[in-house]
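Worksheet: the structure to be examined is printed underneath.
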Amino acid sequence: MVTIPILFEDNHLLGISKPVNVPTQEDASGDPDLVNLLKADLKERYQKPGNVYLGLVHRLDRPVGGAMIFAKTSKAASRLSELVRSRQFSKSYLAVVHGKPASSASWKDWLLKDEKTNTVKVVRAGTSGAKEALLNFRTLATSDGLSLVQVELLTGRSHQIRVQFSHAGYPLYGDQKYGAKVNQPGQQIALWSIFVGFPHPVTKEPVHIISRPPMEYPWTHWDTGIYASAVDSLK
């Protein structure tokens with residue numbers, strides 16, 4: 001059984017904390033996926049006949065956990081998608097990386113995805129098929145060769161945080177795909193969606209979905225107070 005914590009819910013939206021290693025959508029693995037698990041839960045909790053609508057607005061990679069928002073109506077889905085396009089949809093992540101990045105920085109890269117291998121690489125601007133990738137980050141703490149960083153995504157490219165940090169020389173802890181030289185097989189990637197914020201698509205009131213990373217290594221490398229401060233800075 002997969003437990004999915006519900007962080008926010010009303011007639012229009014469903015905010016949850018995604019468990020790690022659960023695919024967001026159905027994939028070739030055939031493993032239970034987040035969308036269908038949530039639909040089944042809504043159907044059972046509200047005794048809904050027939051199909052249940054659940055709009056997917058943004059995605060998290062399979063090994064990544066944390067805050068996500070779904071639309072319970074097509075109207076809410078359309079409006080949330082517009083908020084994403086107009087960059088009124090804020091996404092913030094915590095990551096543990098190898099090395100010591102700058103205290104803060106803004107990065108712009110061009111990313112090209114290879115659909116056959118499901119990998120992404122940084123390429124030159126103007127490369128056919130490449131997409132612009134923008135993020136801001138600040139380093140919260142550094143200890144024993146690892147750093148805790150808080151990342152604000154300005155674009156939502158596939159594997160964006162993992163690829164951009166690896167390209168800059170700071171691969172994520174546990175990332176086998178983009179940091180195999182410094183990580184061990186079996187390690188869980190240390191990337192967590194800590195915050196999703198946006199104006200409610202119907203009421204226009206601010207909505208903040210917050211999820212803290214699990215108290216497991218490497219997250220336990222730092223005192224829990226640093227996570228509380230990171231959350232407070234986003235509200």
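In terms of full-length UniProt numbering, the sequence shown has 31 at position 31, counting the first letter as 1, and numbering is strictly consecutive.
Beta carbons are placed, not taken as given, at the ideal position from N, Cα and C, and that holds for glycine.
Bridge pairing for S81: absent [DSSP]. One alpha carbon belongs to G169, the other to T203, and they sit about 43 angstroms apart. Counting C-beta pairs closer than 8 angstroms gives fewer than three between the stretch 65–78 and the stretch 158–168, which falls short of the contact rule.
D61 counts as buried, since no fewer than 16 other beta carbons sit within 10 angstroms of its beta carbon. Cα atoms of D144 and P206: separation of roughly 38 angstroms, rounded to the nearest angstrom. Of the other Cβ atoms in all chains shown, fewer than 16 fall within 10 Å of the Cβ of A141; this residue is therefore exposed. Buried is the label assigned to K177, since at least 16 other Cβ atoms lie within 10 Å of its Cβ. Residue nearest to L234 within the set M1, L42, F198 and R79 is F198 (criterion: CA-CA distance). Sequence-distant Cβ neighbours of W222 in its own chain, meaning closer than 6 angstroms and more than five residues away, are A141 and L148.
Annotation for H167: the continuous alpha helix (DSSP H) segment containing it runs Q160 to H167. Across the structure, D10 and S17 are spaced so that their CA atoms are roughly 16 angstroms apart.
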